[in-house]
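Student: The opening position of the sequence shown corresponds to residue 1338 in the working numbering, with each subsequent residue numbered one higher.
Okay, here's the structure, questions in a sec.
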Amino acid sequence: MTAEVRMERMTQNEVGEAISQDRLVIIPTGATEAHGPHMPTDTDTHQAGHIALLLAKRIGAVVAPTINYGISKTFENFPGTISLSIPLYQDLVYEVGSALVKSGFRKILILNGNRPNGTANDAVARRLQDDLDEEKSFVVTALSYWEPGALAVHALRKSEVGGMGHAGEYETSFQLAVRPELVHMDRLKGVYAPLVGWDLVAPMVPVRTYGRRPRPAKGHAAIFGNPHVASAESGKAFIKVTVDALEELMNNIQPSYEERNSGQKK
Ligand SMILES: [Zn+2]
């Protein structure tokens, strides 16, 4: 087994070997969007890919290239945001998933890092089954990386509820922990962002309610939450409990992957 888990750095034969070993493949889904005056536009893409890598090493999975464009309608008028329409985004994730299934992978995890992609990914997972289950036996799970560990993250937070929205405490701490050279905390001086009513990242209660979306005007900081309390130390702790919870969840559901796949056609 090669130590490399990133598909883009593996040869075709190494990927073939991963398929014959029946390893799970993770498709990270991110975004390219404004993340406040202090963080890079690839924050969600980086975080989905980074968590995928940490998780893959623990559970023996491989990681497909991260999808780096997502649904970013809220910030579409901000420099640096490149948002896809929902149907195009879903087709993109669908085509990637379909290619992986057709190449022989039988266990797939779509791991999301940009909130609006989340429910779109659920529908893609369903569609993959609807279209391919006659010819292929496989299992696909869709979730956002912060979901299983949300309560553990909440226990470690410094901000109030609402502080872990877009570019808030969680994401800023994450970047400070992993890529501090790309975070400009000094540029947050005097910047106070509105808190939304609940946390967009790691909400304690999963929310599937859609209202009129916020329309940040020119001059808005492109932050919803509180990045001021962020620290590298918190980031390391958030990442640890996040990956612990994902590992536990995947270990719990993998036996059902085996059951569903056993005795069926490859
Ligand atoms: Zn983000």
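All C-beta atoms in this analysis are idealised placements derived from N, C-alpha and C, irrespective of residue type, glycine included.
Quick caveat, the model's predicted, so the values are computed rather than measured.
1. Can you tell me where the alpha helix (DSSP H) holding Ile-1356 begins and where it ends?
2. Is the separation between the beta-carbon of Ser-1440 and that of Leu-1469 shorter than 8 angstroms?
3. Give the C-beta separation of Ala-1462 and Ile-1447 to the nearest angstrom, bearing in mind that I take them to be a contact with Cβ-Cβ under 8 angstroms.
4. Quick check: the Cα distance between Ser-1496 and Glu-1471, rounded to an integer number of angstroms?
5. So does Asn-1451 have its beta carbon nearer than 7 angstroms to some heavy atom of ligand 1?
6. Please tell me whether, using a cut-off of 7 angstroms, the distance from the CB of Ala-1504 to the nearest non-hydrogen atom of ligand 1 is below it.
7. Among the residues of its own chain, which have a CB less than 7 angstroms from the CB of Val-1399, if the five just before and after it don't count?
8. Is the distance from the Cβ of Ser-1474 to the Cβ of Ala-1567 below 8 angstroms?
9. So the alpha helix (DSSP H) Ile-1423 belongs to, where does it begin and stop?
10. Classify Asn-1414 as helix, strand or coil using the three-state DSSP reduction.
11. I'd like to check one pair, Pro-1564 with Gly-1505: are the Cβ atoms closer than 8 angstroms?
12. CA-CA distance, Val-1498 and Gly-1534?
13. Let's test the definition: count the other Cβ atoms within 10 Å of the Cβ of Met-1541 and tell me whether it reaches 16, buried, or not, exposed.
14. Would you decide whether Asn-1449 is buried or exposed? Buried here means 16 or more other CB atoms lie within 10 Å of its CB.
15. Can you tell me where the beta strand (DSSP E) with Leu-1446 in it begins and where it stops?
16. For Thr-1366, is the beta carbon positioned less than 7 angstroms from some heavy atom of ligand 1?
17. Cutting at 6 angstroms between CB atoms, please list the residues of its own chain near Phe-1415, excluding the five before and the five after it.
18. Just to confirm, does Thr-1382 get its C-beta within under 7 angstroms of one of the non-hydrogen atoms of ligand 1?
19. State the beta-bridge partners of Val-1476 as determined by DSSP.
20. Going by DSSP, name the residue or residues bridged to Ser-1420.
Tutor: With the structure as the only source:
1. Within the sequence shown, residue 1356 is the residue found at index 19, counting from 1. Run containing Ile-1356: 1349 to 1357, per the alpha helix (DSSP H) assignment.
2. In the sequence shown, residue 1440 corresponds to position 103, counting from 1. In the sequence shown, residue 1469 corresponds to position 132, counting from 1. Contact: no.
3. By one-based count along the sequence shown, residue 1462 stands at place 125. By one-based count along the sequence shown, residue 1447 stands at place 110. Rounded, the Cβ-Cβ distance is 6 angstroms, consistent with contact.
4. Stepping through the sequence shown from its first residue, residue 1496 is reached at position 159. Stepping through the sequence shown from its first residue, residue 1471 is reached at position 134. Ser-1496 and Glu-1471: Cα-Cα distance of roughly 48 angstroms.
5. Taking the first residue of the sequence shown as 1, we reach residue 1451 at position 114. At least one heavy atom of ligand 1 is nearer than 7 angstroms to the Cβ of Asn-1451, so yes.
6. For the purposes of this step, residue 1504 is identified with residue 167 of the sequence shown, where counting begins at 1. Answer for Ala-1504: yes, Cβ within range of ligand 1.
7. Locating residue 1399 in the sequence shown gives position 62, counting from the first residue. Cβ within range, chain order: Val-1342, Met-1344, Ala-1355, Arg-1360, Val-1362 and Ala-1393.
8. Position 137 of the sequence shown, counted from the start, is the residue given in the question as residue 1474. Position 230 of the sequence shown, counted from the start, is the residue given in the question as residue 1567. No, Cβ-Cβ distance for Ser-1474 and Ala-1567 is not below 8 angstroms.
9. Translated into positions along the sequence shown, residue 1423 becomes position 86. Per DSSP, Ile-1423 belongs to the alpha helix (DSSP H) from 1423 to 1439.
10. Within the sequence shown, the letter at position 77 stands for residue 1414. The answer is coil: DSSP assigns Asn-1414 none of H, G, I, E or B.
11. Residue mapping note: residue 1505 aligns to position 168 of the sequence shown, counting from 1. Residue mapping note: residue 1564 aligns to position 227 of the sequence shown, counting from 1. Going by C-beta atoms, Gly-1505 is nearer than 8 angstroms to Pro-1564.
12. Taking the sequence shown and counting its residues from 1, one reaches residue 1498 at position 161. Taking the sequence shown and counting its residues from 1, one reaches residue 1534 at position 197. Roughly 7 angstroms separates the two Cα atoms.
13. Residue numbering aside, residue 1541 sits at position 204 when the sequence shown is read from its first letter. The residue in question, Met-1541, is exposed, as its Cβ has fewer than 16 Cβ neighbours within 10 Å.
14. The sequence position of residue 1449 within the sequence shown is 112, counting from 1. That one is buried.
15. Your numbering for residue 1446 matches position 109 in the sequence shown. Counting along the chain, the beta strand (DSSP E) containing Leu-1446 begins and ends at 1444 to 1449.
16. Your numbering for residue 1366 matches position 29 in the sequence shown. Thr-1366: no, Cβ never under 7 angstroms from ligand 1.
17. Translated into the one-based positions of the sequence shown, residue 1415 becomes position 78. Cβ within range, chain order: Ala-1371 and Ala-1559.
18. Here the question's residue 1382 lines up with position 45 in the sequence shown. No; taking the cut-off as 7 angstroms, the Cβ of Thr-1382 has no heavy atom of ligand 1 nearer than that.
19. Within the sequence shown, residue 1476 is the residue found at index 139, counting from 1. Paired residue(s): Lys-1444.
20. As a working mapping, residue 1420 is identified with position 83 in the sequence shown. In DSSP, Ser-1420 forms a bridge with Gly-1407.
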